[in-house]
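Asks:
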Amino acid sequence: MSTTRVTHDAVMAALQEVHDPELHRSIVALGMVGEVTISETRVTVSIKLTVAGCPLKAEIQRRVSDALSGLDGVETAHVTLDTMTDEERRQLRSGIGGGPERPSPFTADSPTKVIAIASGKGGVGKSSITANLAIALAQRGHTVGLLDADVYGYSIPRMMGVHRPAVMVDDLMIPVEAHGVRLMSIGFLTEEDSPVIWRGPMLHKALTSFITEVYWDAPDYLLVDLPPGTGDVSLTIAQLLPSAAMVIVTTPQITAQRVARRAASMARRVNLPVIGVIENMSWFIAPDTGARYEVFSGGGGASLASELAVPLLGQIPLESSVAHAGDAGLPVVAAAPESPAARALELTAQQIIASVAGLAGVAG
Ligand SMILES: Nc1ncnc2c1ncn2[C@@H]1O[C@H](COP(=O)(O)OP(=O)(O)O)[C@@H](O)[C@H]1O
Ligand SMILES: [Mg+2]
3 MSTTRVTHDA VMAALQEVHD PELHRSIVAL GMVGEVTISE TRVTVSIKLT
53 VAGCPLKAEI QRRVSDALSG LDGVETAHVT LDTMTDEERR QLRSGIGGGP
103 ERPSPFTADS PTKVIAIASG KGGVGKSSIT ANLAIALAQR GHTVGLLDAD
153 VYGYSIPRMM GVHRPAVMVD DLMIPVEAHG VRLMSIGFLT EEDSPVIWRG
203 PMLHKALTSF ITEVYWDAPD YLLVDLPPGT GDVSLTIAQL LPSAAMVIVT
253 TPQITAQRVA RRAASMARRV NLPVIGVIEN MSWFIAPDTG ARYEVFSGGG
303 GASLASELAV PLLGQIPLES SVAHAGDAGL PVVAAAPESP AARALELTAQ
353 QIIASVAGLA GVAG
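To convert, count from 1 in the sequence shown and add 2; that's my numbering.
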């Protein structure tokens with residue numbers, strides 16, 4: 003048994019190191035630490051959650067308990083949960099900044115590299131690719147946000163395996179973190195499977211709030227899963243995310259290439275630079291024989307890239323693991339990192355890093 007008596011200072015120093023899982027700041031700085039009582043080798047700490055029934059309370063409790071248990075002179079660490087008062091929540095809220103009074107945090111001189119992923123039509127794998135690229139960037143040690151701007155056809159929550167609402171601190175939405183990526187989607191705010199029937203101006207408003215009323219906290223990369231097609235969203239994105247670079251996803255078919263070309267010309271009309279093309283479902287490798295099949299002939303990715311005079315950033319094979327992993331909420335780069343599709347996606351992420359690093363107006 004230890005003979006050292008733990009001090010209040012030692013407890014506070016240990017708590018200082020505990021970060022809130024989604025706000026990424028010390029719980030001490032966030033004002034989440036309430037009463038601390040020490041009785042011999044037993045420490046009791048009260049943690050004030052931002053909202054009652056916070057979906058992350060078990061994780062916060064575990065982090066605090068681990069930090070205290072590691073201290074010399076502590077044999078039992080007891081963590082009780084409480085909820086902040088309105089005033090405490092307001093203080094936290096003003097401490098972390100952001101909010102509706104603010105313009106877009108992603109201005110041209112912001113350090114975040116914004117990459118909008120577009121496609122001419124749906125079903126080409128745009129969301130699957132966006133989710134996987136986000137995880138691949140996070141696995142390389144970058145902080146990454148993923149904004150699901152496909153308000154009508156959102157699929158990011160399911161693909162990333164998130165089945166809980168986003169936490170609100172006052173009027174500020176806290177992105178939901180999954181696989182190391184900060185996510186925001188209309189799916190975190192509506193009942194599952196309820197149709198989203200918003201018209202143009204509301205769509206603009208929804209996207210504006212997703213950019214200005216979300217605690218993005220300046221990630222290294224913000225990936226935006228755009229709705230398919232060439233609608234008015236491009237214009238909204240260009241206004242709110244003036245430093246965004248666009249990546250176009252297409253399949254090898256010539257018809258897909260043709261509609262993808264329209265998305266590219268829309269991007270150029272609103273001054274969003276297209277930095278490259280990703281071709282998805284490029285070929286299929288039979289898992290039993292290893293034989294390679296060109297399911298969709300056409301070479302659409304390469305010809306679109308050359309037509310736009312941009313690089314072909316990657317070719318992703320058609321692989322059942324991509325579809326399975328997406329349905330299971332664990333994208334393929336996390337579920338099966340050795341699979342050909344995962345490796346292709348990782349290479350593509352590296353190509354994107356290299357491309358945006360060289361962009362004028364985007365901080366290096
Ligand atoms: N490379 C791939 N291999 C196998 N299935 C894929 C691949 N890319 C996408 N899919 C599947 O195709 C469907 C459409 O993909 P999704 O990412 O939702 O497309 P989009 O966002 O363009 O509409 C999904 O069921 C997804 O799992
Ligand atoms: Mg999609």
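Just so you know, even glycine gets a beta-carbon here, dropped at the ideal spot from N, CA and C. Quick caveat, the model's predicted, so the values are computed rather than measured.
Among Leu83, Lys128, Ser112 and His26, which has the Cα closest to the Cα of Leu94?
Replies: The shortest Cα separation from Leu94 among Leu83, Lys128, Ser112 and His26 belongs to His26.
Asks: Kindly indicate the opening and closing residues of the beta strand (DSSP E) around Met283.
Replies: Unbroken beta strand (DSSP E) run through Met283: Val276 to Ile287.
Asks: Please state whether the Cβ-Cβ distance between Ile188 and Ala168 is less than 8 Å.
Replies: No, Cβ-Cβ distance for Ile188 and Ala168 is not below 8 Å.
Asks: What three-state label does DSSP hand Leu349 in the structure shown?
Replies: Leu349 falls in the helix class under three-state DSSP.
Asks: Report all residues for which the CB-ligand distance to some heavy atom of ligand 2 is below 6 Å; order them along the chain.
Replies: That gives Lys128, Ser129, Asp152, Gly155 and Ser157.
Asks: Who does Ile250 pair with in a DSSP beta bridge?
Replies: Partner(s): Ala120 and Val279.
Asks: Look at the alpha carbon of Thr82 and the alpha carbon of Lys59, and state the distance between them as a whole number of angstroms.
Replies: The straight-line gap from Cα to Cα measures roughly 10 Å.
Asks: Beta-carbon within less than 7 Å of Ala180's beta-carbon, same chain only, minus the 5 sequence neighbours each way: which residues are those?
Replies: Met162, Gly163 and Val164, listed in sequence order.
Asks: Can you tell me where the beta strand (DSSP E) holding Gly33 begins and where it ends?
Replies: No beta strand (DSSP E) holds Gly33; DSSP gives it neither H nor E.
Asks: Taking 8 Å as the cut-off, decide whether the C-beta atoms of Leu224 and Leu149 are in contact.
Replies: In contact: Leu224 and Leu149 (Cβ atoms closer than 8 Å).
Asks: Measuring only the C-alpha atoms, how far is Thr39 from Val76?
Replies: Taking the straight line from one Cα to the other gives about 12 Å.
Asks: Which stretch, first to last residue, makes up the alpha helix (DSSP H) that contains His144?
Replies: Element bounds for His144: n/a, residue is neither H nor E.
Asks: Which same chain residues, not among the five before or five after Pro229, have their C-beta less than 6 Å away from its C-beta?
Replies: For Pro229, where only same-chain residues beyond five positions count, the Cβ hits under 6 Å are Asp152 and Val235.
Asks: Do you know how far the Cα of Glu89 is from the Cα of Lys115?
Replies: If I take the Cα positions, the gap works out to 35 Å.
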